[in-house]
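*Asks:* Chains as they are written, first to last, in the numbering used here: chain A, 21 to 738; chain B, 21 to 738.
Take a look at the structure:
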């Protein structure tokens with residue numbers, strides 16, 4: 021409707037018609053309810069997120085999931101071949117008195133396991149028998165259960181334990197020195213690392229990471245919830261300083277013996293751990309601290325010896341392996357590996373039998389993950405953007421012919437998982453600008469799609485503005501995708517202030533073809549206050565390939581800002597934009613960008629709000645920071661140019677910075693040192709702390725945060 | 021001039037004349053220069069403080085001081101009896117190449133000592149000989165030099181040392197345990213304690229305080245000047261928690277032996293230490309932790325035994341001895357003691373010979389200090405407010421007749437010191453609303469005054485508004501003194517916004533009869549921005565006697581606010597005040613008052629700026645806090661009523677709180693916990709930290725602070 025009005029308004033003679041339409045529009049709008057900021061921020065609790073059945077899982081011949089209607093007390097079995105065999109299982113049938121269906125994992129077509137009240141259980145759907153497998157201590161964290169071994173690995177503090185049927189707490193790695201941390205993720209969750217324990221397929225062996233943080237400085241955070249306030253030290257490896265020393269151990273539950281993989285004992289990175297299906301080998305992608313040289317190494321888990329280097333990769337900028345090699349038993353001695361060495365993440369296959377390496381895909385777009393292997397198609401199933409980087413699709417690439425086909429259809433974010441009989445089905449959860457949520461599956465054999473669930477639009481009775489996607493050209497000709505949100509009563513003859521929301525850093529893509537184009541709902545609220553909200557993914561952002569992303573190397577901020585200013589130029593060309601009332605807001609890297617824009621391009625924005633901003637990359641962590649910036653010693657110009665301490669005097673307009681007081685990602689030193697510099701130089705800024713919040717302000721306090729941010733913008737961007 | 025215009029403006033018929041006068045006024049104003057905020061805050065560096073010769077000191081028959089004209093390179097000798105004998109001494113005569121005259125102290129009519137480059141020297145003005153007495157380490161602190169003993173006591177870290185001619189570092193109290201602190205002030209500088217070492221008159225004995233802080237919690241402050249930020253723990257005894265255990269030692273330099281005074285080893289207070297002139301006794305005022313019972317005890321320094329309790333005092337509220345007993349050799353076995361047990365600080369004399377105790381003064385106003393004894397008058401010379409609590413005067417009270425006479429004349433703050441031949445002269449430095457600074461002396465024998473120096477008005481070319489003192493009545497009939505500042509172009513027909521500057525806590529008096537009535541110059545700057553600035557000293561504030569001050573007992577904030585609201589009522593009755601545009605600002609206790617007023621009397625002020633505010637007395641220190649509030653365990657209602665955490669929801673208008681990040685007086689926990697509560701309750705406030713600043717923001721950064729404060733007021737008090 022609003023688009024129509026725009027068109028009409030261009031023609032003065034049609035003014036009356038336009039006015040009529042405007043009347044219709046506003047009267048229909050009047051029936052809708054106003055969005056509150058509380059609603060917008062707490063949309064999940066307020067029922068404004070598209071509904072979603074939970075726990076979709078493949079089991080032989082069936083998909084199982086819990087429904088919405090009975091508050092998830094029932095597990096639905098959807099038979100893929102014969103709908104008549106659909107049936108349901110109630111939580112109470114598993115355990116008397118249990119009302120909510122637990123998160124389950126299928127072991128085989130008849131059995132699943134789940135965890136409840138510090139115990140693991142196996143339930144047999146044929147015999148309806150419940151078996152308590154093991155118990156574990158209440159304080160256990162980082163739980164990792166081996167189906168095959170019926171064992172649980174977990175950590176308490178810095179130590180690693182196993183629970184079995186007979187013993188809930190067997191010390192695997194237990195030392196008093198808290199600098200030695202076992203069984204947890206290392207490298208601060210970079211390189212795709214999410215955990216620190218890896219059961220072998222049989223469950224006989226447990227591989228685990230250990231890190232020695234003796235060389236890593238403590239960063240002092242303060243806990244104000246005690247009386248008096250108390251110290252909360254965290255280990256924080258800062259750029260150029262001492263980092264953690266990682267190692268990888270294999271523990272045999274059969275012999276009780278340990279093997280350390282014979283990796284170099286220094287501060288390089290041990291990433292992407294994987295077991296071979298046969299358990300005869302393990303793989304590590306090893307990256308030097310400078311992050312420009314990667315070796316994918318194969319080790320003997322028995323002896324710890326290096327067997328061979330499968331592949332290695334060097335890059336003048338950086339190498340960033342993020343996905344463990346993919347192997348399955350049925351594709352014996354074949355290993356699939358994702359690399360962006362040709363500029364885009366593509367699949368490579370190493371065939372040990374044939375002693376051959378082959379590039380399997382040759383896309384000029386980004387592959388995100390390998391889902392699995394479909395025997396029927398003899399294809400690797402994977403996800404990637406396809407030609408339009410705003411989408412996520414599933415694809416199949418035939419191992420013999422190399423022919424690649426797109427499985428999922430239409431613009432959108434297609435989240436998929438492979439399973440069903442013969443791994444022949446693809447479960448799809450679709451979110452697109454027009455579809456809040458739709459769930460169904462594809463039969464890979466015939467390509468047929470079967471819908472299971474479709475969510476209603478939870479916002480249909482809410483008065484909302486519009487969102488449009490804009491394609492711009494960057495300085496180097498690259499496409500830039502931007503998003504513009506307008507109020508429901510948008511009038512193209514008015515001049516609107518604009519809030520630019522920015523992130524701008526690696527790995528993140530703000531604008532995607534998903535429900536509401538990925539925008540948070542507060543943007544629609546802000547639009548209703550008479551604002552336009554604009555975002556743009558520039559160079560450095562994710563899902564666009566290595567060249568686009570790595571443009572920022574050793575020089576964070578500069579090119580990212582060029583792209584943001586292309587967005588600003590676009591805005592200024594729009595008649596409905598008030599070019600003197602632009603504000604900018606962002607968090608984390610977006611806080612860095614916001615502060616950079618305010619200080620390095622003063623006068624463009626009247627107002628900036630920077631949350632958890634990086635101020636100087638020397639205070640950021642080793643893993644992420646050295647990848648993009650190297651160190652202050654090796655890249656002094658880059659550090660000087662990007663440090664916002666050096667531009668404080670430039671500030672024009674209003675700048676509010678915000679920090680969680682126990683931020684362990686961008687430590688509070690960034691903001692306090694920035695403010696100190698502002699005070700030193702007589703520059704007035706604003707600041708607000710969120711006490712006891714970490715890097716992000718979550719939960720109900722996020723309403724306070726967003727009101728703080730948006731009030732500040734509305735008050736100062738005048 | 022401006023007053024005349026005001027009068028004229030009342031009569032419409034005189035408008036033309038008024039306009040004429042206005043023209044004259046503005047043209048005369050135009051010749052004056054505008055005060056900048058930089059000038060106002062950095063008035064000392066900017067030459068806007070009344071000039072002052074330095075280092076006035078009595079020496080037999082003379083006063084000595086360094087002049088302004090030669091950048092203090094010369095010491096002037098002003099002969100009291102014969103001006104022809106005035107002469108001068110150049111710094112270079114003392115030490116070749118020395119350009120600035122050092123701070124000196126006279127030992128006898130011919131010799132003075134001074135410290136330079138980590139050494140102490142004696143200079144003989146007769147022989148012109150310079151003697152290096154001793155050297156001491158560069159890191160020494162808390163220097164305490166004994167003239168008689170030619171020894172220096174000092175501390176390094178938590179330990180105590182002595183330097184002599186032969187040895188710059190003799191360990192007197194040296195332990196590794198940093199919980200044991202020797203030779204420093206104890207009780208966090210309460211009870212008039214300013215230091216921790218006390219040389220005996222002969223210099224043979226060194227008395228020193230020791231505190232054991234094992235039971236005192238560490239409070240973690242964060243130093244962001246290191247890379248990465250680092251912990252700066254301070255010992256901070258919080259209300260109701262473990263406190264320091266003090267003791268007092270006597271060290272004999274003759275024998276090398278130590279005696280500990282046999283005081284109870286608990287957390288009571290050892291205050292007001294004094295040596296008897298004979299060195300046969302030492303005195304301590306001992307106060308129980310609850311601070312309602314004081315004993316003035318006499319100990320034998322040789323054995324450490326308690327000899328007797330000279331006097332004791334109990335009070336339902338508190339007892340707060342702040343001045344050591346006064347004794348001199350010539351008044352053998354007489355001891356003078358200040359106590360406010362009759363409601364006002366008066367002098368009591370204990371005559372050991374006659375075994376008699378006598379109240380020497382009976383004033384209904386406050387005595388501040390005993391200056392000494394004048395043999396010629398047979399009188400104790402002391403300072404006090406006199407009938408007008410805004411003044412400070414010197415008085416003499418005859419020991420025989422008890423007759424009291426006022427020595428200094430006229431309204432003002434008369435800062436005095438006794439000396440000259442036979443202790444018969446009183447040096448006076450006068451500051452009064454009309455006199456920037458005047459220095460002279462009285463001959464006590466004949467009462468004659470001799471002027472030495474008169475400072476010019478450093479603000480005479482600056483365009484400034486006016487200050488007036490207003491006397492109001494409190495709820496109990498007590499006089500309240502208030503101060504109102506108006507802009508230079510004040511127009512009584514306009515409606516002005518008002519900034520109320522508040523302190524309100526014990527021991528402080530904002531409004532006194534001194535230059536500019538004690539107002540900081542930024543108030544005059546703010547007045548020129550079209551503001552009225554108002555302050556009022558209410559119940560609880562200093563120099564008004566025990567009843568007036570102790571009204572606040574166990575209930576800080578409540579009565580203090582009643583008085584502030586009497587001030588607000590006065591303001592609202594003035595036609596030239598805009599009652600809807602009142603703002604309030606204060607620091608420390610004044611920050612507590614500001615926040616209290618915003619939350620417990622919402623709607624009175626549109627805007628508040630609270631610096632370093634106490635938010636909840638449970639987080640304040642034991643010594644000060646338990647005196648006024650007792651503990652949360654013994655006074656739960658008082659703590660509940662005064663805790664600003666309990667009123668967050670009430671906030672109307674704008675509240676900015678400010679905190680130094682290394683504030684070791686009102687620890688940052690106050691502000692962060694307050695903000696956390698505001699976030700919890702969805703209340704929007706503002707905050708600004710001053711990184712690496714302690715309880716007050718001093719130096720050039722104070723300009724930034726005052727701009728932050730006053731900008732905030734001007735922006736929001738609309």
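Just so you know, even glycine gets a beta-carbon here, dropped at the ideal spot from N, CA and C. Being a predicted model, the structure only gives us computed values, none of them experimental.
Would you say the region 134-149 of chain A touches the region 82-93 of chain A, given that touching needs at least three Cβ pairs under 8 Å?
*Replies:* The answer is no - the region 82-93 of chain A does not touch the region 134-149 of chain A, with fewer than three Cβ pairs under 8 Å.
*Asks:* Do residue 558/B and residue 527/B count as a contact pair if the criterion is CB distance below 8 Å?
*Replies:* Reading the second chain from its first residue, position 507 is the one you call residue 527/B. Reading the second chain from its first residue, position 538 is the one you call residue 558/B. Not a contact, by the Cβ cut-off of 8 Å.
*Asks:* By a C-beta neighbour count over all protein chains shown, 10 Å radius and 16 as the cutoff for buried, is residue 537/A buried or exposed?
*Replies:* Here the question's residue 537/A lines up with position 517 in the first chain. Result: buried.
*Asks:* What are the residues that DSSP puts in a beta bridge with residue 240/A?
*Replies:* Counting from 1 along the first chain, the entry for residue 240/A is found at position 220. Looking at the DSSP assignment, residue 240/A forms a beta bridge with 253/A.
*Asks:* Just checking my contact of residue 189/B with residue 223/B at CB under 8 Å: how many whole Å lie between their CB atoms?
*Replies:* By one-based count along the second chain, residue 189/B stands at place 169. By one-based count along the second chain, residue 223/B stands at place 203. No, residue 189/B and residue 223/B are not in contact; Cβ-Cβ is about 18 Å, not under 8 Å.
*Asks:* Residue 408/B to residue 500/B, Cα distance in whole Å?
*Replies:* Counted from its first residue, the second chain places residue 408/B at position 388. Counted from its first residue, the second chain places residue 500/B at position 480. Taking the straight line joining both Cα atoms gives about 12 Å.
*Asks:* Could you give the residue range of the alpha helix (DSSP H) that holds residue 617/B?
*Replies:* Translated into the one-based positions of the second chain, residue 617/B becomes position 597. Its alpha helix (DSSP H) spans residues 609-620.
*Asks:* Starting from residue 302/B, follow the beta strand (DSSP E) in both directions and report where the run begins and ends.
*Replies:* Along the second chain, one-based indexing puts residue 302/B at 282. Looking at the DSSP string, the run of the beta strand (DSSP E) that includes residue 302/B is 302-307.
*Asks:* For residue 727/A, go through chain B and note every residue whose CB falls closer than 7 Å to its CB, in chain order.
*Replies:* Position 707 of the first chain, counted from the first residue, corresponds to residue 727/A. In chain order: 704.
*Asks:* Nearest-angstrom Cα distance between residue 731/B and residue 435/B?
*Replies:* Position 711 of the second chain, counted from the start, is the residue given in the question as residue 731/B. Position 415 of the second chain, counted from the start, is the residue given in the question as residue 435/B. Taking the straight line from one Cα to the other gives about 36 Å.
*Asks:* Distance check for residue 142/A and residue 277/A, CA to CA, integer angstroms please.
*Replies:* The count along the first chain starts at 1 and reaches residue 277/A at position 257. The count along the first chain starts at 1 and reaches residue 142/A at position 122. The straight-line gap from Cα to Cα measures roughly 29 Å.
*Asks:* Could you tell me which whole beta strand (DSSP E) segments of length 3 or greater appear in the region 382-411 of chain A?
*Replies:* Entirely contained in the region 382-411 of chain A, the beta strand (DSSP E) runs reaching 3 residues are, in chain order, 387-394, 399-404.
*Asks:* With DSSP as the reference, label residue 679/B as helix, strand or coil.
*Replies:* As a first step, residue 679/B must be located in the second chain, where it is residue number 659. Correct three-state label for residue 679/B: strand.
*Asks:* Go through its chain and collect everything with a Cβ distance to residue 615/A's Cβ below 8 Å, but skip five positions before and after it.
*Replies:* Taking the first residue of the first chain as position 1, residue 615/A is located at position 595. Around residue 615/A: 628, 630, 633, 635, 664, 675, 677, 694.
*Asks:* Taking only runs of the beta strand (DSSP E) that begin and end inside the region 160-226 of chain B, which ones reach a length of at least 3 residues, in chain order?
*Replies:* DSSP runs (the beta strand (DSSP E)) wholly in the region 160-226 of chain B: 161-166, 171-176, 179-183, 190-193, 200-202, 217-219.
*Asks:* Looking at C-alpha atoms only, which residue of 120/A, 274/A, 622/A is the closest neighbour of residue 75/A?
*Replies:* Here residue 75/A corresponds to residue number 55 of the first chain, with the count starting at 1. For the residues 120/A, 274/A, 622/A, the minimum Cα distance to residue 75/A belongs to 120/A.
*Asks:* Do we get a CB-CB distance below 8 Å when we pair residue 696/B with the residues of chain D?
*Replies:* Absence of chain D from the displayed structure is noted, the protein chains being A and B.
*Asks:* Taking residue 353/B as the reference, give the member of 344/B, 361/B, 375/B, 340/B with the closest Cα.
*Replies:* Along the second chain, one-based indexing puts residue 353/B at 333. Nearest C-alpha to residue 353/B: 375/B.
*Asks:* Could you check where the beta strand (DSSP E) with residue 357/B kicks off and where it finishes?
*Replies:* On the second chain, position 337 is the one that residue 357/B refers to. First-last of the beta strand (DSSP E) with residue 357/B: 354-359.
*Asks:* Does residue 45/A come within less than 8 Å of chain B when only Cβ atoms are used?
*Replies:* As a first step, residue 45/A must be located in the first chain, where it is residue number 25. Low local confidence applies: a pLDDT of 42 at residue 45/A is under 50, so the model's placement there is unreliable, and no value is given.
*Asks:* Taking the alpha carbon of residue 254/A as the point to measure from, which residue in 267/A, 262/A, 268/A, 237/A has its own alpha carbon closest?
*Replies:* As a position in the first chain, residue 254/A is number 234, starting the count at 1. Among 267/A, 262/A, 268/A, 237/A, the Cα nearest to that of residue 254/A is on 237/A.
*Asks:* Please list the partners that residue 250/A has in chain B, where partner means a Cβ-to-Cβ separation under 7 Å.
*Replies:* Residue mapping note: residue 250/A aligns to position 230 of the first chain, counting from 1. The contacting residues are 240.
*Asks:* Expressed to the nearest angstrom, what Euclidean distance is found between the alpha-carbon atoms of residue 584/B and residue 556/B?
*Replies:* On the second chain, position 564 is the one that residue 584/B refers to. On the second chain, position 536 is the one that residue 556/B refers to. Their backbone Cα atoms lie some 7 Å apart in a straight line.
*Asks:* With DSSP run on the structure shown, which of helix, strand or coil describes residue 97/A?
*Replies:* Numbered from its first residue, the first chain carries residue 97/A at position 77. In this structure, residue 97/A counts as strand in the three-state DSSP scheme.
*Asks:* Are the C-beta of residue 461/A and some C-beta of chain B separated by less than 8 Å?
*Replies:* Translated into the one-based positions of the first chain, residue 461/A becomes position 441. No, because no Cβ of chain B sits closer than 8 Å to the Cβ of residue 461/A.
*Asks:* Determine, using beta carbons only, whether residue 731/B comes closer than 8 Å to chain A.
*Replies:* As a first step, residue 731/B is located in the second chain; it is residue number 711 there, counting from the start. Yes, residue 731/B counts as interfacial toward chain A.
*Asks:* Roughly how far, in whole angstroms, is the beta-carbon of residue 534/A from the beta-carbon of residue 433/A, given that I think they are within contact range, below 8 Å?
*Replies:* In the first chain, the residue the question calls residue 534/A occupies position 514. In the first chain, the residue the question calls residue 433/A occupies position 413. Confirmed, about 4 Å.
*Asks:* Which residue's Cα is closest to the Cα of residue 331/B: 369/B, 294/B, 325/B, 311/B?
*Replies:* Here residue 331/B refers to the residue found at position 311 of the second chain. Ranking the options by Cα distance to residue 331/B, first place goes to 369/B.
*Asks:* Closest by CA to residue 609/B, which one among 716/B, 513/B, 708/B?
*Replies:* In the second chain, the residue the question calls residue 609/B occupies position 589. Closest option to residue 609/B, Cα to Cα, is 716/B.
*Asks:* Among 357/B, 216/B, 414/B, 701/B, which one has its Cα closest to the Cα of residue 228/B?
*Replies:* Position 208 of the second chain holds residue 228/B. Nearest C-alpha to residue 228/B: 216/B.
*Asks:* Just checking my contact of residue 210/A with residue 649/A at CB under 8 Å: how many whole Å lie between their CB atoms?
*Replies:* Numbered from its first residue, the first chain carries residue 210/A at position 190. Numbered from its first residue, the first chain carries residue 649/A at position 629. Going by Cβ atoms, the distance from residue 210/A to residue 649/A rounds to 14 Å, so no, they are not a contact pair.
*Asks:* Report back the beta-carbon spacing between residue 383/B and residue 344/B to the nearest angstrom; my notes put them in contact at under 8 Å.
*Replies:* Numbered from 1 along the second chain, position 363 holds the residue referred to as residue 383/B. Numbered from 1 along the second chain, position 324 holds the residue referred to as residue 344/B. Going by Cβ atoms, the distance from residue 383/B to residue 344/B rounds to 21 Å, so no, they are not a contact pair.
*Asks:* If you scan the region 661-722 of chain A from start to end, which runs of the alpha helix (DSSP H) of 4 or more residues do you find wholly inside it?
*Replies:* Listed in chain order, the complete alpha helix (DSSP H) runs (minimum 4 residues) inside the region 661-722 of chain A are 689-700.
*Asks:* Going along the chain, which residues of its own chain have a beta-carbon closer than 6 Å to the beta-carbon of residue 31/A, five neighbours each way excluded?
*Replies:* Indexing the first chain from 1 puts residue 31/A at position 11. Note that residue 31/A scores 36 on pLDDT, short of 50, meaning its location in the model is unreliable and no value can be drawn from it.
*Asks:* Under 9 Å Cβ-Cβ, which residues of chain B neighbour residue 244/A?
*Replies:* On the first chain, position 224 is the one that residue 244/A refers to. Result: 688, 689, 692, 693, 696.
*Asks:* Does the CB of residue 711/B have a neighbour CB from chain A at under 8 Å?
*Replies:* For the purposes of this step, residue 711/B is taken as residue 691 along the second chain, with counting starting at 1. Yes, its Cβ sits closer than 8 Å to a Cβ of chain A.
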